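**Q** For the sequence shown, the positions run 8 to 456 when my numbering is used.
Cβ atoms here follow ideal geometry from the backbone N, Cα and C, with glycine treated the same way.
Nothing here was measured: the structure is a model prediction, and the numbers come from that model.
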Amino acid sequence: MENTTDSPKLERTLGPVMLWGLGVGYVISGMYFGWNLGLAEGGTLGLAIATFFIVIMYVTFTFSYTELACAIPKAGGAFDYADRALGRNWGFVGGMAQIIEFVFAPPAIAAAIGAYFNLFLKTEPLMLELAGVSFELPWLAILAYFAFTALNIFGVRAAAMFELVITILAVAELLIFAGVTLPEFEVVNLTTNSFPNGIPGIFAAIPFAIWFFLAIEGVANVAEETKNPQKNVLIGFGSAILTLVILCVLTFVSSVGVAGWEAVVYDAEGNMSDSPLPLAIAHVVGNSGWMYHLLLTIGLLGLIASFHGIILAAGRATYEFGRQSLAPKALGRVHSKFKTPANALIFNMVIGIIALMTGKTGEIITIACFGALALYIISMISFFVLRKNEPDMERPFKVPFYPIFPALALIIASISMIAMCYYNLQLALIFFALLAGSFILYKLVYANK
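1. From the DSSP output, read off the bridge partner residues of Thr233.
2. From Ala379 to Arg323, what distance separates their C-alpha atoms?
3. Can you name, in chain order, every residue of its own chain whose Cβ lies under 7 Å from the Cβ of Leu241, other than the five neighbours on each side?
4. When DSSP labels each residue in this structure, what does Tyr88 get in the three-state scheme?
5. In chain order, what residues of the same chain have a beta carbon less than 7 Å from the beta carbon of Tyr273, not counting five sequence neighbours either side?
6. Given that a residue counts as buried once 16 or more other Cβ atoms are within 10 Å of its Cβ, and exposed if not, what is Tyr449?
7. Counting C-beta neighbours from all protein chains within 10 Å, is the total for Pro285 16 or more, i.e. buried, or is it exposed?
8. Got a sec? Which residues, its chain only, sit under 6 Å from Gly267 by beta carbon, not counting five neighbours each side?
9. Please report the straight-line C-alpha distance between Phe99 and Gly83, rounded to a whole angstrom.
10. Run the CB neighbour count on Gly293, radius 10 Å, all protein chains shown included, and call it buried at 16 or more, exposed below.
11. Which first and last residues belong to the alpha helix (DSSP H) in which Lys395 is found?
12. Spatial neighbours of Tyr326 within its chain, please: CB distance less than 7 Å, with the 5 preceding and 5 following residues excluded, ordered by chain position.
13. When you compare only the Cα positions, how much space is there between Ala148 and Tyr430?
14. Looking at the structure shown, is Met400 part of a helix, part of a strand, or coil, going by DSSP?
15. What are the start and end residues of the alpha helix (DSSP H) that includes Pro214?
16. Name the two residues that bound the continuous alpha helix (DSSP H) containing Leu189.
17. If you drop the 5 nearest sequence neighbours on each side, which residues of the same chain put their C-beta closer than 6 Å to that of Asp13?
18. Are Val31 and Ala247 close, meaning C-beta to C-beta below 8 Å?
19. Take the Cβ of Gln105 as the centre, count every other Cβ of all protein chains shown within 10 Å, and call the residue buried at 16 or more, exposed below.
20. Using the rule of at least 16 other Cβ atoms within 10 Å of the residue's Cβ for burial, across every protein chain shown, is Ala179 buried or exposed?
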């Protein structure tokens, strides 16, 4: 593979419509699976309260982050903002938190994609035995990794166009789902056993509320490949978060309103399910009709949209680390023909497949959420520092209701981080160990280069 260190550069090809497609696409799989597990923690009311505050966090964060992205339109996103505001060390920590989020989210989605294909193709999981230990090889999920990494290497415009088309179809699927289920909606289904674990259930449900919107900030990572980023990033970011908030409320209410929260958490065998929408719609149209199978088939597109989109954003985050000599310089090279960060994309794919092979989907999701919250906290601190230290910086867009919006985002993210550490102590230790280990490696190997 031919690369060069200094040239060519990332190519500016993205407009506001494609940014909307990327922003919604990064996130939309969160509407299709994962969020329903928060119902087991908090019930309808507990997850609803957690989601309410998380929505406030994401709306205020998105507008604040847009100010940073328009003022500093670089591929590194959180790294570049923290690096300028807080110095290289904190820039590294913010960038590493971003990479953990973007690299660990796709394996969880890939696992769901593989399970979906196994269901439709009626194939059995491929079991291997190594040193007397049997384990499942998720070959369909691995195949998806290779396919969508290759698409991202081929070109950002092709990747973004694919993302736009598949995201539109995924949004249409959610609207069809709501249209089929809402006529069967009953208020009693929202109120029955709605708060089974009380106040603690609200805090325990936080990671699943975050999963509704995880990775929306990835739009900032393609600012360097956006035409007129000072205008188009705002339009793409703003329209994406508005679309996602509407879809979140619609999907939550229409799913639970059909038969209660237990019906979208537990399958017929009583096992916790990662497929809330099929469970809900089966109560309306059964589980063998054409409408059921049509919605299941289209529903796969939501998973693919987020999987593909986050791979794109992750490639840019890792690329910036290589370009800034915070990691091997090979990661910061752009392919001479396709103008994409091919090495970074391949590196992320290898790490993602290793995580996928663990089979720990829930734990992987939680670690990705830790990365997201750390990114949000560091980015909002950077926001305030830049406002204070560089008041004359050119800011083509300024967050409304300053300082209320960035302060709300910072406060809710901080409380959420504390709550997640309390309820997921072991995974918190793993996350902070990843941060600490990578920081020590950076200081020993790359800091003086």
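**A** For this structure:
1. Leu21
2. 16 Å
3. Thr73, Cys77, Phe404
4. helix
5. Met279, Ser280
6. buried
7. buried
8. Asn196, Thr199
9. 10 Å
10. exposed
11. 368-396
12. Ala82, Leu338, Gly339, Pro348, Ala351
13. 29 Å
14. coil
15. 213-218
16. Where Leu189 is concerned, there is no enclosing alpha helix (DSSP H), given that its DSSP letter is neither H nor E.
17. Its pLDDT being 47, under 50, Asp13 is placed unreliably by the model, and the measurement read from it follows with that caveat. The answer is none, since no qualifying residue turns up.
18. yes
19. buried
20. exposed
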